[in-house]
Amino acid sequence: MSDPFLGPIVGATLLTNNLKFASKSYQASMGYTLISDNVVSQALCDLWNTPNLLNNPMHILAAANGHAWLRIVEDCNCSSVIPLKTQGWMALEVNVADVDLIRNEIDVDVFKIIGEPAYLQISDAIKAMQVIGPCNEVSYITQVDKAVPPFNLPMTQSRTGSLFIPVLCTQNRDTSLAFYETLNQHGGLKFETKVTVLNNAWGKDIEHQYPVATLQLAGNCLFEIDQVPDAQSNIVNSGSLPSGIAMITCVVEDIDAAAKQLNTTVSHTSDHYYPGQKVILAKGPSGELLELVEQSNQ
10 MSDPFLGPIV GATLLTNNLK FASKSYQASM GYTLISDNVV SQALCDLWNT
60 PNLLNNPMHI LAAANGHAWL RIVEDCNCSS VIPLKTQGWM ALEVNVADVD
110 LIRNEIDVDV FKIIGEPAYL QISDAIKAMQ VIGPCNEVSY ITQVDKAVPP
160 FNLPMTQSRT GSLFIPVLCT QNRDTSLAFY ETLNQHGGLK FETKVTVLNN
210 AWGKDIEHQY PVATLQLAGN CLFEIDQVPD AQSNIVNSGS LPSGIAMITC
260 VVEDIDAAAK QLNTTVSHTS DHYYPGQKVI LAKGPSGELL ELVEQSNQ
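Heads up: the sequence shown begins at 10 in this note's numbering, then just goes up one per residue.
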């Protein structure tokens, strides 16, 4: 099997109606650092097709490991997303050194706990908790203690680390997986499993299983795809980005080939959020936005 065409994950973009609150929440509870306090440029508006975001405030935050992956954009008029019940990017799985430390120190009024720290049923090497954050985004805060074959997952010694698994909510796992397998030029895994936070959110029996898929990316990253048949369409704000987790940004091995495959054009950027100067915006089967960016030449 060929190596993955996508990866690693560059980061995620959140849309919020209160940037200052969201940004300070990540800094205070998660130990993130503000590294860019700027506005949405015309170039980004053109790339995203979001004219209503021009000159809106935007922060870029770095996790404690130094990876500046979290971008938060303000739209005072955006609608609120319903966590775990909306199609599109549903959750962000983030690497940490000690999940119990995070649990003891976060502000639980801001990061609402929907799953206490626990080792996963599928592995005694992964301990995770789940929270709903200040933009109604769901985060899986995950401690990886050792290798978990067949998956390639990261480990960190930092309080907070990188985003390594964006989780997609879709009404049809097979359709979404096929789209990303084609983009990734690499096959995924399909299985059914219990997803406790989804069962709680939807009032299902605790043992209810969901059709799930994973797709290995380069750089110790994955896409996870969860089929939730009754999830509503993603929240699209006129002239703006989707609410909540607005988009995921990912490196692609050959951006010109990806653009041809997606029948789209390559944009050029000098924005330091991106590791390269070429970027394209794709839309997945559930309305989710995915930025693909070329490999850094450095």
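Yeah, the Cβ is synthetic: ideal placement off N, Cα and C, and Gly gets one too.
- Within the stretch 132-197, the complete beta strand (DSSP E) runs of at least 3 residues fall at 132-141, 147-153 and 172-179.
- Beta-bridge partners of W98 (DSSP): L177.
- Note on geometry: alpha-carbon atoms of K287 and D214 lie some 46 Å from one another.
- Per DSSP, the continuous alpha helix (DSSP H) segment holding K29 begins and ends at L28 to M39.
- For A267, the enclosing alpha helix (DSSP H) stretches over residues I264 to L271.
- Residue environment: A31 is assigned as buried (16 or more neighbouring CB atoms within 10 Å of its CB, all protein chains considered).
- For L23, no alpha helix (DSSP H) segment is defined; the enclosing uninterrupted segment is the beta strand (DSSP E) at L15 to T25.
- For the pair V275 and I254, the CB atoms are not nearer than the 8 Å cut-off.
- The Cβ atoms of S132 and S252 do not sit closer than 8 Å to each other.
- Distance from the CA of V119 to the CA of A266, rounded to the nearest whole angstrom, comes to 42 Å.
- In this structure, the beta-carbon distance from L250 to L24 falls below 8 Å.
- Taking a C-beta distance under 8 Å as the contact criterion, Y149 and E102 qualify as a contact pair.
- Between the alpha carbons of V302 and S242 lies a distance of about 26 Å.
- Shown here, Q225 sits in a strand according to DSSP, grouped into three states.
- In the structure shown, P60 adopts helical secondary structure according to DSSP, grouped into three states.
- Taking 8 Å as the cut-off, the Cβ atoms of F14 and Q194 count as close.
- Using a Cβ distance threshold of 8 Å, I18 and P175 count as a contacting pair.
- Y128 and V108 have their C-alpha atoms roughly 10 Å apart.
- CA-to-CA, the gap between P66 and S45 works out to about 10 Å.
- Around the CB of P60, fewer than 16 other CB atoms lie within 10 Å, so the residue is classed as exposed.
- Within the model, the alpha-carbon separation for K269 versus W211 is close to 40 Å.
- Of the residues assessed, G142 falls on the buried side of the cut-off, its CB having 16 or more other CB atoms within 10 angstroms.
- Between C230 and S171, the alpha-carbon positions lie close to 10 Å from each other.
- Residue nearest to K136 within the set K121, N161, Q166 and N104 is N104 (criterion: CA-CA distance).
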